[in-house]
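Student: Following this message is one structure expressed as structure tokens.
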Amino acid sequence: MTINAAPEGDAADRRRLILDVVLLVLLALATRVLWLGHDPHVDEFRHVFAARSLLSDGTLAINGGMPYTRGLLYTYLVAGSFAGFGESLIAARLPALLAGVGLVVAVFLCVRAIGGRLAGWTAGLLVCFDPTMLRLSQFGRFYSLQGLLFWVGSWQIYRMVASEVPARRTLWRIGGALAALGLAFSLQITTAAGLAGLALWVVLAAGPGVVGRIAAHPRRGWIAAGLLAAVLGLAWVAVQAGLPERVIARYLYADLWAMEHRWNFRFYHWGLLLDYPTLWTLFPFALLVVAKWRPAAAGWAAGVFGTAFLLHSFAAWKEFRYFSYAMPFFFAVSGLAVARVVPWLHTTLRDLLTTLAGARVPRPVLSAATVALLVGGGLFTIAGNGAASSTARSLLRSADREGTTAAGRWGDAAPVLAPYADSAAVVVSSVDLNALYYLGRYDVGLHRSDLGDNPEFWISPGLRRPIISEAASLQRLMECYPSGLVVVENSNWRQPWGVPPATADYLEAHAEALELPPEWRLLAFRWGHEVGAPCAIEGIPAHAVPVGASGGT
Numbered sequence: 005m006t007i008n009a010a011p012e013g014d015a016a017d018r019r020r021l022i023l024d025v026v027l028l029v030l031l032a033l034a035t036r037v038l039w040l041g042h043d044p045h046v047d048e049f050r051h052v053f054a055a056r057s058l059l060s061d062g063t064l065a066i067n068g069g070m071p072y073t074r075g076l077l078y079t080y081l082v083a084g085s086f087a088g089f090g091e092s093l094i095a096a097r098l099p100a101l102l103a104g105v106g107l108v109v110a111v112f113l114c115v116r117a118i119g120g121r122l123a124g125w126t127a128g129l130l131v132c133f134d135p136t137m138l139r140l141s142q143f144g145r146f147y148s149l150q151g152l153l154f155w156v157g158s159w160q161i162y163r164m165v166a167s168e169v170p171a172r173r174t175l176w177r178i179g180g181a182l183a184a185l186g187l188a189f190s191l192q193i194t195t196a197a198g199l200a201g202l203a204l205w206v207v208l209a210a211g212p213g214v215v216g217r218i219a220a221h222p223r224r225g226w227i228a229a230g231l232l233a234a235v236l237g238l239a240w241v242a243v244q245a246g247l248p249e250r251v252i253a254r255y256l257y258a259d260l261w262a263m264e265h266r267w268n269f270r271f272y273h274w275g276l277l278l279d280y281p282t283l284w285t286l287f288p289f290a291l292l293v294v295a296k297w298r299p300a301a302a303g304w305a306a307g308v309f310g311t312a313f314l315l316h317s318f319a320a321w322k323e324f325r326y327f328s329y330a331m332p333f334f335f336a337v338s339g340l341a342v343a344r345v346v347p348w349l350h351t352t353l354r355d356l357l358t359t360l361a362g363a364r365v366p367r368p369v370l371s372a373a374t375v376a377l378l379v380g381g382g383l384f385t386i387a388g389n390g391a392a393s394s395t396a397r398s399l400l401r402s403a404d405r406e407g408t409t410a411a412g413r414w415g416d417a418a419p420v421l422a423p424y425a426d427s428a429a430v431v432v433s434s435v436d437l438n439a440l441y442y443l444g445r446y447d448v449g450l451h452r453s454d455l456g457d458n459p460e461f462w463i464s465p466g467l468r469r470p471i472i473s474e475a476a477s478l479q480r481l482m483e484c485y486p487s488g489l490v491v492v493e494n495s496n497w498r499q500p501w502g503v504p505p506a507t508a509d510y511l512e513a514h515a516e517a518l519e520l521p522p523e524w525r526l527l528a529f530r531w532g533h534e535v536g537a538p539c540a541i542e543g544i545p546a547h548a549v550p551v552g553a554s555g556g557t
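Residue numbers (the working numbering): 5 to 557.
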């Protein structure tokens with residue numbers, strides 16, 4: 005098939021394309037720069053501390069613990085941003101922001117190349133204003149970069165399979181595609197679901213031709229035997245390495261905080277139904293429309309999105325940010341379908357108005373009325389989708405947004421809590437890296453999910469600090485240390501996977517609650533008393549207030 009549906013040979017078309025790209029970049033930047041300094045999520049600090057360590061001593065260690073190597077590419081980008089702009093949360097989010105803007109433009113250009121300007125604008129705007137895409141572009145984590153790399157790599161594969169690619173460019177495209185897809189996988193292992201969909205489409209689209217060429221080859225028997233031996237050999241190596249068992253275990257694993265939706269196979273279905281009831285319920289028909297017009301594009305986008313949707317739906321761990329890299333393919337089908345349906349709707353509305361009005365109404369008035377009805381119907385449809393209201397809430401206010409800003413407002417609380425942290429013998433927190441970043445102290449973790457299946461006072465290799473969750477452990481800690489500060493985020497409080505109810509009861513009964521504004525979404529407690537015989541707990545460093553000494557806060 006021909007990829008460029010509308011040739012861009014003349015200067016006017018090139019100018020229009022440049023103008024479209026500039027407008028999209030400005031729009032994507034404007035929506036993503038707004039509230040970029042929102043309250044941080046704990047995961048953002050993993051890259052912040054690792055990048056700080058990278059710049060200071062060349063390691064990726066956090067607080068002297070194990071090097072943080074997940075999403076390594078993003079950590080290096082954060083380090084580069086720190087080197088250029090200084091360390092800050094905004095600087096840590098710049099790579100995500102730029103990747104998010106790049107994804108908007110990349111989807112626009114690719115879908116436009118397949119189905120024209122209207123298709124490109126529709127898909128690009130859907131990516132631009134999608135509430136999850138918007139949040140992830142303001143989130144100092146690798147998800148928007150993963151989405152951009154996966155889209156670019158998948159597009160290169162599509163170009164090679166669905167169009168005639170000159171031989172001199174084949175190796176370059178293969179190398180670029182594999183590099184982009186490999187980097188996306190290195191950032192987030194869930195990329196494997198999308199890769200499975202892409203591989204399935206390649207086999208279905210290119211397989212018959214390859215089989216035909218092999219069948220026509222004079223040495224087809226040897227070729228077939230070689231391919232079969234290669235497949236069996238790879239399968240044997242995978243089984244011997246225990247790969248299937250590890251994959252299944254990973255696929256069925258979820259942290260305690262994510263257990264609520266572990267067996268909820270309709271999680272993403274309900275999410276799409278809430279955000280995009282129009283596009284989601286009409287998706288089968290949209291796919292049929294696109295399949296008749298651009299069959300290769302329909303198979304490519306539906307293959308990646310559909311496979312990823314099914315695999316993520318049956319996986320134990322569910323969050324929309326894990327699935328975000330597949331959403332551009334859903335938007336691509338939607339954009340291509342809109343590009344086919346809108347002209348038909350325009351013609352139908354114009355004919356209807358002409359029939360109703362007859363010759364009494366001038367043609368310019370009929371044309372304007374047709375456009376007004378079409379635009380009005382479109383706006384009504386957009387307003388009826390939950391994504392529109394969710395994005396509007398995100399753009400109109402910074403507080404109380406979902407996702408990244410559901411965390412406590414540590415920046416506001418730090419000046420109030422810092423004196424207590426400085427004088428405490430031990431600082432306990434349900435959110436380790438936030439306490440370390442804002443209070444400069446983190447001695448004990450209080451979070452059931454972080455403890456996992458390990459025993460109480462297990463020392464986490466990441467930060468080399470003990471973690472507890474039970475009331476008895478908290479009692480032991482308070483008996484060993486004369487003073488302490490406990491800081492818990494509201495979202496963790498009285499949660500079986502966070503601070504369990506029994507532990508919360510003990511803390512409220514044996515420590516003094518500090519008064520903090522409710523909008524900070526933080527709870528803080530302190531204790532100070534005489535202790536008996538000195539004792540120490542492994543993993544807790546010695547501080548200014550000696551163990552066994554009397555004192556308070």
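Glycine included, C-beta positions come from ideal geometry on N, C-alpha and C.
For the region 414-426 against the region 469-485, do three or more pairs of beta-carbon atoms, one drawn from each stretch, fall closer than 8 Å, so that the two count as touching?
Tutor: No contact exists between the region 414-426 and the region 469-485.
Student: Could you tell me how far apart the beta carbons of residue 342 and residue 123 are, in whole angstroms, since I believe they sit closer than 8 Å?
Tutor: Here residue 342 refers to the residue found at position 338 when the sequence shown is read from its first residue. Here residue 123 refers to the residue found at position 119 when the sequence shown is read from its first residue. Yes, they are in contact, since the Cβ atoms of residue 342 and residue 123 sit about 7 Å apart, within 8 Å.
Student: Terminal residues of the continuous alpha helix (DSSP H) containing residue 523?
Tutor: Numbered from its first residue, the sequence shown carries residue 523 at position 519. Neither: residue 523 is in no alpha helix (DSSP H) and is coded neither H nor E.
Student: Taking DSSP as the reference, what is the three-state secondary structure of residue 462?
Tutor: Within the sequence shown, the letter at position 458 stands for residue 462. The answer is strand: DSSP assigns residue 462 an E or B state.
Student: How far does the beta strand (DSSP E) with residue 469 in it reach, from first residue to last?
Tutor: As a first step, residue 469 must be located in the sequence shown, where it is residue number 465. Residues 469-472.
Student: Thinking just about the alpha-carbon of each residue, which of 323, 315, 295 and 322 is nearest to the one in residue 336?
Tutor: On the sequence shown, position 332 is the one that residue 336 refers to. Of the listed residues, the one whose Cα sits closest to residue 336 is 295.
Student: How many angstroms separate the CA atom of residue 416 from the CA atom of residue 390?
Tutor: Working through the sequence shown from its first residue, we reach residue 416 at position 412. Working through the sequence shown from its first residue, we reach residue 390 at position 386. Their backbone Cα atoms lie some 31 Å apart in a straight line.
Student: Can you give me the Cβ contacts of residue 408 inside the same chain, cut-off strictly under 7 Å, excluding the 5 residues immediately before and after it?
Tutor: The count along the sequence shown starts at 1 and reaches residue 408 at position 404. Note that residue 408 has pLDDT 39, beneath the 50 cutoff, so the model's placement of it is unreliable and the number below is only indicative. So the list reads 42, 45, 139, 142 and 143, once near-sequence residues are dropped.
Student: Run through DSSP, which three-state label would residue 143 get?
Tutor: Start at 1 with the first residue of the sequence shown, and residue 143 comes out as number 139. Of the three classes helix, strand and coil, the one that applies to residue 143 here is coil, per DSSP.
Student: With 9 Å set as the bound, which would you pick, yes or no: does the beta-carbon of residue 26 sit closer than that to a beta-carbon of chain D?
Tutor: Included in the structure is just one protein chain, with no chain D present.
Student: So residue 327 packs on residue 312, CB below 8 Å; how close in whole Å?
Tutor: Position 323 of the sequence shown, counted from the first residue, corresponds to residue 327. Position 308 of the sequence shown, counted from the first residue, corresponds to residue 312. The Cβ separation is near 7 Å, so the contact holds.
Student: Can you list, in chain order, the residues of its chain whose CB lies under 7 Å from that of residue 350, leaving out five sequence neighbours each side?
Tutor: For the purposes of this step, residue 350 is taken as the residue at position 346 of the sequence shown. Counting only Cβ-Cβ distances below 7 Å, and skipping sequence neighbours, we find 374 and 378.
Student: Tell me the DSSP secondary structure of residue 239 in three-state form.
Tutor: Within the sequence shown, numbered from 1, the residue matching residue 239 stands at position 235. In this structure, residue 239 counts as helix in the three-state DSSP scheme.
Student: Need the endpoints of the alpha helix (DSSP H) that residue 481 sits in, please.
Tutor: Taking the sequence shown and counting its residues from 1, the one referred to as residue 481 is at position 477. It spans 475-484 - the alpha helix (DSSP H) in which residue 481 sits, taken as one unbroken run.
Student: For residue 439 and residue 489, what's the separation of their Cα atoms in angstroms?
Tutor: Reading the sequence shown from its first residue, position 435 is the one you call residue 439. Reading the sequence shown from its first residue, position 485 is the one you call residue 489. Going from the Cα of residue 439 to the Cα of residue 489 covers about 11 Å.
Student: So, with DSSP's three-state summary, where would you put residue 428?
Tutor: Sequence index remark: in the sequence shown, residue 428 carries index 424 (1-based). In this structure, residue 428 counts as coil in the three-state DSSP scheme.
Student: Alpha carbon to alpha carbon, what distance is there between residue 53 and residue 136?
Tutor: Here residue 136 corresponds to residue number 132 of the sequence shown, with the count starting at 1. Here residue 53 corresponds to residue number 49 of the sequence shown, with the count starting at 1. Their Cα atoms are separated by approximately 25 Å.
Student: Which whole-angstrom value describes the C-beta separation of residue 109 and residue 25, a residue pair presumed to lie in contact below a C-beta threshold of 8 Å?
Tutor: Locating residue 109 in the sequence shown gives position 105, where the first residue counts as 1. Locating residue 25 in the sequence shown gives position 21, where the first residue counts as 1. Residue 109 to residue 25, Cβ: 6 Å. Contact.
Student: Evaluate residue 28 with the Cβ neighbour count: other Cβ atoms within 10 Å of its Cβ, from every protein chain shown; 16 or more gives buried, anything less gives exposed.
Tutor: Against the sequence shown, residue 28 aligns to sequence position 24. Per the 10 Å Cβ criterion, buried.
Student: Here's the rule I'm using: 16 or more other beta-carbon atoms within 10 Å means buried, otherwise exposed. How should residue 254 be labelled?
Tutor: Translated into positions along the sequence shown, residue 254 becomes position 250. Residue 254 comes out exposed.
Student: Using 8 Å for Cβ pairs, my map puts residue 35 next to residue 58. What's the rounded Cβ distance?
Tutor: Walking along the sequence shown from the start, residue 35 turns up at place 31. Walking along the sequence shown from the start, residue 58 turns up at place 54. Not confirmed; about 30 Å, so no contact.
Student: Rounded to a whole number of angstroms, what is the C-alpha to C-alpha distance between residue 185 and residue 33?
Tutor: As a first step, residue 185 must be located in the sequence shown, where it is residue number 181. As a first step, residue 33 must be located in the sequence shown, where it is residue number 29. The alpha-carbon atoms of residue 185 and residue 33 are separated by roughly 25 Å.
Student: Can you tell me the Cα-Cα spacing of residue 404 and residue 494, whole angstroms?
Tutor: Position 400 of the sequence shown, counted from the first residue, corresponds to residue 404. Position 490 of the sequence shown, counted from the first residue, corresponds to residue 494. Residue confidence for residue 404 is low, a pLDDT of 46 falling below 50, so the modelled location carries little weight; the figure read from the coordinates is stated next. Taking the straight line from one Cα to the other gives about 13 Å.
Student: So is residue 458 buried or exposed if we call it buried at 16+ other beta carbons inside 10 Å?
Tutor: If you number the sequence shown from 1, residue 458 lands on position 454. With fewer than 16 Cβ atoms within 10 Å of its Cβ, residue 458 is classed as exposed.
Student: Considering only residues of the same chain and omitting the five flanking positions on each side of residue 309, which have a CB-CB separation below 6 Å?
Tutor: As a working mapping, residue 309 is identified with position 305 in the sequence shown. So the list reads 330, 333 and 334, once near-sequence residues are dropped.
Student: From 356, 367, 386 and 158, pick the residue whose C-alpha is nearest to that of residue 304; which is it?
Tutor: Stepping through the sequence shown from its first residue, residue 304 is reached at position 300. Among 356, 367, 386 and 158, the Cα nearest to that of residue 304 is on 158.
Student: Among 481, 545, 358 and 282, which residue has its Cα nearest to the Cα of residue 531?
Tutor: As a first step, residue 531 is located in the sequence shown; it is residue number 527 there, counting from the start. Comparing Cα-Cα distances from residue 531 to each of 481, 545, 358 and 282, the minimum goes to 481.
Student: Please go through the same chain and pick out, in chain order, the residues whose beta-carbon is closer than 8 Å to the beta-carbon of residue 272, but skip the five residues on each side of it.
Tutor: Looking up residue 272 in the sequence shown gives position 268. Same-chain partners within the cutoff: 313, 316, 317, 322, 324 and 327.
Student: To which residues of the same chain is residue 561 closer than 6 Å at the C-beta, ignoring the five residues directly before and after it?
Tutor: As shown, the chain starts at 5 and ends at 557. That puts residue 561 outside it, with no answer to give.
Student: On the criterion of 16 or more Cβ atoms from any shown chain inside 10 Å, does residue 454 qualify as buried, or is it exposed?
Tutor: By 1-based counting over the sequence shown, the position of residue 454 is 450. Label assigned to residue 454: buried.
Student: On the criterion of 16 or more Cβ atoms from any shown chain inside 10 Å, does residue 48 qualify as buried, or is it exposed?
Tutor: By one-based count along the sequence shown, residue 48 stands at place 44. So residue 48 counts as buried.
Student: State buried or exposed for residue 529, treating a residue as buried only when at least 16 other CB atoms are found within 10 Å of its CB.
Tutor: In the sequence shown, residue 529 corresponds to position 525, counting from 1. Counting Cβ neighbours within 10 Å, residue 529 comes out buried, since at least 16 surround it.
Student: Report all residues from its chain with a CB closer than 7 Å to the CB of residue 434; omit the five preceding and five following residues, and keep chain order.
Tutor: Your numbering for residue 434 matches position 430 in the sequence shown. Once the five neighbours on either side are set aside, the close Cβ partners of residue 434 are 450, 451, 492, 493, 496, 502 and 503.
Student: From this set, 525, 371 and 365, which residue's C-alpha is nearest residue 352's C-alpha?
Tutor: The residue given as residue 352 occupies position 348 in the sequence shown. Nearest C-alpha to residue 352: 371.
Student: Count the other CB atoms within 10 Å of the CB of residue 382; is the residue buried (16 or more) or exposed (fewer)?
Tutor: Taking the first residue of the sequence shown as 1, we reach residue 382 at position 378. With fewer than 16 Cβ atoms within 10 Å of its Cβ, residue 382 is classed as exposed.
Student: Using 10 angstroms around the beta-carbon of residue 442, count the other beta-carbons present and answer buried if the total reaches 16, otherwise exposed.
Tutor: Position 438 of the sequence shown, counted from the first residue, corresponds to residue 442. Residue 442 should be labelled buried.
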